[in-house]
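The block underneath contains the structure these notes are about, expressed in structure tokens.
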Amino acid sequence: MIKRTDSYHYINFDSIIGKNIRSVVRFLTIFILISTLVLGSAASSWNVYGQSNETNSQREDSANIIPNTAEEQNNEDTDKQSSLENGSSGNDSENTSSSQTILQKSNSQIGAAKSQPDRDCLFDPSLPKCAPDENGKCPDGFHMNGYEQCFPAHDKCPSGYHSHEDDESGRCIPDSVPCDPGYIMSPDFPTCEYKDSVCKKHPTLNECKVDDNTANNLPYKSGYSHGCSDAKISDSSKRYINQPGKGPSYHTPDFMSGYNDGFETCSNGNNQPNSKGTFKVIVQVTNPLSEDTYGGITLNVSSYPENVFKSAYGLYFPAGQTTSQTFTFKSSDVPVGTEFEVNLDYGVDYNQHIFGMNTPAKKPEVVQFFIS
Numbered sequence: 002m003i004k005r006t007d008s009y010h011y012i013n014f015d016s017i018i019g020k021n022i023r024s025v026v027r028f029l030t031i032f033i034l035i036s037t038l039v040l041g042s043a044a045s046s047w048n049v050y051g052q053s054n055e056t057n058s059q060r061e062d063s064a065n066i067i068p069n070t071a072e073e074q075n076n077e078d079t080d081k082q083s084s085l086e087n088g089s090s091g092n093d094s095e096n097t098s099s100s101q102t103i104l105q106k107s108n109s110q111i112g113a114a115k116s117q118p119d120r121d122c123l124f125d126p127s128l129p130k131c132a133p134d135e136n137g138k139c140p141d142g143f144h145m146n147g148y149e150q151c152f153p154a155h156d157k158c159p160s161g162y163h164s165h166e167d168d169e170s171g172r173c174i175p176d177s178v179p180c181d182p183g184y185i186m187s188p189d190f191p192t193c194e195y196k197d198s199v200c201k202k203h204p205t206l207n208e209c210k211v212d213d214n215t216a217n218n219l220p221y222k223s224g225y226s227h228g229c230s231d232a233k234i235s236d237s238s239k240r241y242i243n244q245p246g247k248g249p250s251y252h253t254p255d256f257m258s259g260y261n262d263g264f265e266t267c268s269n270g271n272n273q274p275n276s277k278g279t280f281k282v283i284v285q286v287t288n289p290l291s292e293d294t295y296g297g298i299t300l301n302v303s304s305y306p307e308n309v310f311k312s313a314y315g316l317y318f319p320a321g322q323t324t325s326q327t328f329t330f331k332s333s334d335v336p337v338g339t340e341f342e343v344n345l346d347y348g349v350d351y352n353q354h355i356f357g358m359n360t361p362a363k364k365p366e367v368v369q370f371f372i373s
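Take a look at the structure:
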């Protein structure tokens, strides 16, 4: 019986130890499981928190980087676009400028081709196409007028047209346009000339036949009367024309024209019996130009006690022709060896002068001018 008791105790002891071991193992297992769960959860939390922080940081960094990148991209795009636009604009400007230059050259060439002087310039030289070329020259067969415009060279205007003595344009004017006051149509040439000059050559013209009371004829008649009276006065200082305020510059061309005619006529027909004759100066004026012009001649004789002066104004110098004007003096007023000066005024402020002398030759002294 004692053996059975020991055996029971041994078995019971083993059972108790086994139970304790199992309890410890169970406890450790539970503890390990709980620890594992707790630690795993904490680790997971830490990982999640770390990832969350890292993600947030990355997001913040991305948020900070992305806008900058977008802004920079926009700026780059804008710069590129501006560059392209500027380049395009520059190219367009260059293309436009080149096109305009080409167009201008083309228009200039076309204009030059279309603006050559032609027959129209005979009637209106002020047209743009009547201008000279870039060298300031007119084409062959054209002359340049006083306004630097080209007009066709011509001897006279065609039928139905006329020129004007004082018109420097060289144009031909329709006959329906009357001459200016003081001018009449010359029968020698279809042009409007000074009336006095035309009437001297053609006194029978209707325009030259005026009544004695006509105002236009009075200056000439008055000048003629004074010229004839002065021709009879041997002392030149006592002549009307040499009195203060009575000189040629104080009178109209009509008056001086009459004075010269009267003085010449009365000098030739009323020589004193003891006179040794007359002294004549023939002034010849040649106009080689293509345009008519007009002017006056003055002759100043160096005589003692004072100079002897004669003049002729309103003279007409037709193109391509030579005109003459004779000045007659008493031989007693111009002794042999006496010097004289002839002045020619023409156009606009043009002047020439020539000195001469009364030579012993028994013939008139001839003075020649060439208008240039």
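The letter at position 96 of the sequence shown is residue 97 when you use this note's numbering, and the numbering goes up by one with no holes.
Beta carbons are placed, not taken as given, at the ideal position from N, Cα and C, and that holds for glycine.
Remember, predicted model here, so these are calculated numbers, not experimental data.
Once you ignore the five residues that flank Val26 on each side, which residues in its own chain have a CB closer than 7 Å to its CB? none
Can you tell me where the beta strand (DSSP E) holding Ser1 begins and where it ends? One cannot answer for residue 1 here, as it falls past the ends of the chain, which runs 2 to 373.
Inter-stretch contact at 8 Å, needing at least 3 Cβ pairs: the stretch 282-294 / the stretch 239-258: no
Member of Ser116, Phe264, Met186, Gly259 whose CA lies at the smallest distance from the CA of Arg240: Phe264
In the DSSP output, what is Ile185 paired with across the bridge? Glu194
Roughly how many angstroms lie between the CA atoms of Thr360 and Val282, to the nearest whole one? 11 Å
Let me check understanding here. Comparing Cα to Cα, which of His165, Glu166, Cys173 lies closest to Pro159? Cys173
Continuous beta strand (DSSP E) stretch holding Leu316: start and end: 309-318
Just to confirm, are Tyr317 and Ser258 a CB contact at a threshold of 8 Å? no
Quick check on Gly228: does DSSP put it in helix, strand or coil? helix
For Gly348, which three-state DSSP category applies? coil
Hey, Ala313 and Gln326 are a contact pair by Cβ (cut 8 Å); roughly how many whole angstroms apart? 5 Å
6 Å Cβ shell around Asn344 - same chain, five flanking residues per side excluded: Thr299, His354
Taking the beta strand (DSSP E) that Gln369 belongs to, which residues open and close that run? 366-371
State the Cα-Cα distance for the pair Leu123 and Gly348, rounded to the nearest angstrom. 21 Å
Identify the residues that DSSP records as bridge partners of Val343: which are they? Leu300, Ile355
Could you please give the first and the last residue of the uninterrupted beta strand (DSSP E) stretch that includes Cys173? Premise fails: Cys173 is in no beta strand (DSSP E) and is neither H nor E.
Closest Cβ-Cβ distance between Cys193 and chain C: below 8 Å? Checking the listed chains, one finds no chain C in this structure; it contains a single protein chain.
6 Å CB neighbourhood of Asp262 in its chain, flanking five on each side removed: Tyr225
For Phe28, does the count of other Cβ atoms within 10 angstroms reach 16, so buried, or fall short, so exposed? exposed
Let me check understanding here. Comparing Cα to Cα, which of Ser235, Lys202, Lys247 lies closest to Lys223? Note on identity: in this sequence residue 223 is Ser, with Lys being the wrong assignment. The shortest C-alpha separation from Ser223 is found at Lys247.
Tell me the residue span of the beta strand (DSSP E) that contains Cys151. 151-153
Please name the residue in Thr329, Thr324, Ser333, Val302 whose C-alpha comes closest to that of Glu342. Val302
Close Cβ partners of Lys81 (< 8 Å) along its chain, the five nearest in sequence each way excluded: Annotation note: pLDDT 48 at Lys81 (below 50); position unreliable, coordinate value reported separately. Counting only Cβ-Cβ distances below 8 Å, and skipping sequence neighbours, we find nothing.
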